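2 protein chains.
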Amino acid sequence: MNAPALTKNQTLVFEVLEKADGPLSAYTILDKLRDHGFRAPLQVYRALEKLLEYGVVHRLESINAFVACAHPEQNCHSHGIVAFAICESCGHVMEFHDHEVDHRLMDWTRGKKFKAEKTTIEIRGLCEACAA
Amino acid sequence: MNAPALTKNQTLVFEVLEKADGPLSAYTILDKLRDHGFRAPLQVYRALEKLLEYGVVHRLESINAFVACAHPEQNCHSHGIVAFAICESCGHVMEFHDHEVDHRLMDWTRGKKFKAEKTTIEIRGLCEACAA
DNA sequence: TCGCACACGTTATAGCATAACGCAATTGAT
DNA sequence: ATCAATTGCGTTATGCTATAACGTGTGCGA
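From first to last, the protein sequence lines stand for chains A and B.
FYI, in our numbering the residues of the first sequence are 1 to 132.
FYI, in our numbering the residues of the second sequence are 133 to 264.
Right, dumping it as C-alpha cells:
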C-alpha cells in the first residue's frame with residue numbers, strides 16, 4: 001500500500017507523531033490537536049487508521065500507542081516484520097527488522113498452514129541509558 | 133516464578149480460562165463468574181495478575197484477552213519467549229516457542245544493550261481450517 | 001447531473017483497566 | 001500469645017481506549 005497525499009487531518013496527526021520523541025496514545029494526540037479543531041477521538045482514530053494502512057505509522061499493541069515509522073520515506077510494509085524495543089522508563093522506541101526472525105516465523109506458519117496477516121513483535125524493557 | 137497453591141478466586145479464573153476454547157477478555161471472565169460471587173472487574177484482574185506472574189496464563193496484547201498456558205504443568209517462563217498465532221476468524225490460539233527467534237532477538241538486544249523484560253510475539257491471521 | 005466514494009464532524013456508547021478505600025485472614029518474629 | 005506486616009478480597013468510583021451510528025460536504029466519473 002503506497003501512501004497517497006495525506007488529508008488535512010492525516011497530516012496533522014502524522015506531524016504530531018513525527019515531532020514526538022516517543023509513542024503517543026490516541027487521546028494524547030487528540031489533546032495536542034485541540035487547537036487545530038480536533039474535538040473527538042474519532043478524528044484521531046480515523047486518521048491513524050489510514051496512516052497505519054499507508055505504513056507510515058505503527059501501532060504498539062502492548063502499550064496502546066502509536067509511533068511514526070522510523071523510515072517513512074520507504075514503504076515499511078515491504079521490509080518484512082517490524083519489531084520494536086520499547087523502554088518502559090523513558091518511553092523511547094527502537095524499530096528494527098530481522099529477516100531471520102521473519103523467516104523462522106514464516107516457517108512455522110507455513111508448517112501449520114496458518115495464513116499470517118499481521119505480526120507483532122514488541123520487546124519491553126530498559127534501554128541502555130535507563131538500565132545504567 | 134513457581135506457582136504456589138492458587139487462591140479461590142485465582143482457581144476460578146484459571147478454570148474458566150482452561151475450559152474456554154480460546155482467549156477470553158477480563159469482562160467475559162467476569163460474566164462467567166457472576167454465579168460464583170464475582171461482582172467487579174478488579175476481582176478478575178487481580179487473579180489474572182497472579183496467574184500471569186505464575187506463568188500459567190498468558191496475555192494476548194493485540195486482542196486484550198487472556199488464555200491459559202498450553203502446558204501449565206511446566207514453568208512456561210523457562211521456555212524462552214512465547215509466541216502466539218491467533219486466528220481472527222475462529223479465535224483459536226496456538227502457542228509455540230522458537231529458540232532461534234529468541235536467539236536472534238537476544239542478539240539484537242545485547243547489541244543495543246537493551247535490557248529486555250517481556251517480549252510479545254503475536255501472529256494474527258487465519259488458521260488452516262478458516263483459511264480454506 | 002446523478003450516484004458513488006470518501007473524508008469529516010458529532011453524539012453516544014461500548015470495552016478495557018486501575019485508583020483508592022477498608023476489612024479479613026495469614027504469617028512470622030518477638 | 002500478640003503485634004505488625006503481608007496478602008487477598010470486596011466495593012465504589014473513575015479513567016483510558018475504541019467504535020457505532022448518524023448526518024454533512026466535496027470531488028469525480030458514468
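Glycine included, every Cβ here is placed at the ideal spot set by N, Cα and C.
Since we're looking at a predicted model, the values are computed, not measured.
>> Using 8 Å for Cβ pairs, my map puts A/Leu17 next to A/Phe66. What's the rounded Cβ distance?
In response: Between A/Phe66 and A/Leu17 the Cβ distance is about 6 Å, and since that is below 8 Å, they are a contact.
>> So, with DSSP's three-state summary, where would you put B/Cys259?
In response: coil
> My guess is that A/Val44 and A/Ala26 are in contact by the Cβ rule of under 8 Å, so how many angstroms apart are they, rounded?
Replying inline: 5 Å
> Under the three-state reduction of DSSP, which class applies to A/Glu122: helix, strand or coil?
Replying inline: strand
> How about the stretch 187-196 of chain B and the stretch 216-225 of chain B: do they share at least three Cβ pairs that are nearer than 8 Å?
Replying inline: yes
>> Does A/Lys32 pass the burial test, meaning 16 or more other C-beta atoms within 10 Å, or should it be called exposed?
In response: buried
> So, helix, strand or coil for B/Phe246, using DSSP?
Replying inline: coil
>> Within a Cβ cutoff of 7 Å, which residues of the same chain sit near A/Leu126, ignoring the five residues on either side of it in sequence?
In response: Cys87, Glu88 and Ser89
> What residues in the stretch 51-69 of chain A bring their beta carbon closer than 7 Å to a beta carbon of chain B?
Replying inline: Glu61 and Ser62
> If you compare alpha carbons, which of A/Lys8, A/Leu51 and A/Phe114 is closest to B/Val263?
Replying inline: Before going further, note that residue 263 of chain B is Ala rather than Val in the sequence given. Of A/Lys8, A/Leu51 and A/Phe114, the smallest CA-CA separation from B/Ala263 is found for A/Phe114.
> Out of A/Ser78, A/Lys19, A/His97 and A/Pro4, which has the shortest C-alpha to C-alpha gap to A/Leu135?
Replying inline: This structure leaves residue 135 of chain A out entirely; chain A is present only between 1 and 132.
>> To test your reading of the DSSP string, which unbroken beta strand (DSSP E) runs of 3 or more residues are found completely within the stretch 54-105 of chain A?
In response: 57-60, 65-68, 83-87 and 93-96
>> Whole angstroms are fine: how far does the CA of A/Gly22 sit from the CA of A/Glu15?
In response: 13 Å
> With distances taken from CA atoms, which of A/Arg124, A/Trp108, A/Ser78 and A/Ala116 is nearest B/Thr251?
Replying inline: The candidate whose alpha carbon is nearest that of B/Thr251 is A/Arg124.
>> Quick check on A/Leu30: does DSSP put it in helix, strand or coil?
In response: helix
> Per DSSP, what kind of secondary structure is B/Leu138 in: helix, strand or coil?
Replying inline: Judged by DSSP in its simplified three-state form, B/Leu138 adopts coil rather than helix or strand.
> Hey, how far is the Cα of B/Ser239 from the Cα of B/Leu144?
Replying inline: The sequence as given places Asp at residue 239 of chain B; Ser does not occur at that position. Approximately 40 Å, taken between the alpha carbons.
> Can B/Arg236 and A/Arg104 be called in contact, C-beta distance under 9 Å?
Replying inline: Yes, Cβ-Cβ distance for B/Arg236 and A/Arg104 is below 9 Å.
> Opposite B/Leu156 in the DSSP bridges: which residues?
Replying inline: DSSP, once it has assigned bridges, lists B/Phe198 as partnering B/Leu156.
>> Is it buried or exposed, A/Asp35, if we count other Cβ atoms within 10 angstroms and call 16 or more buried?
In response: exposed
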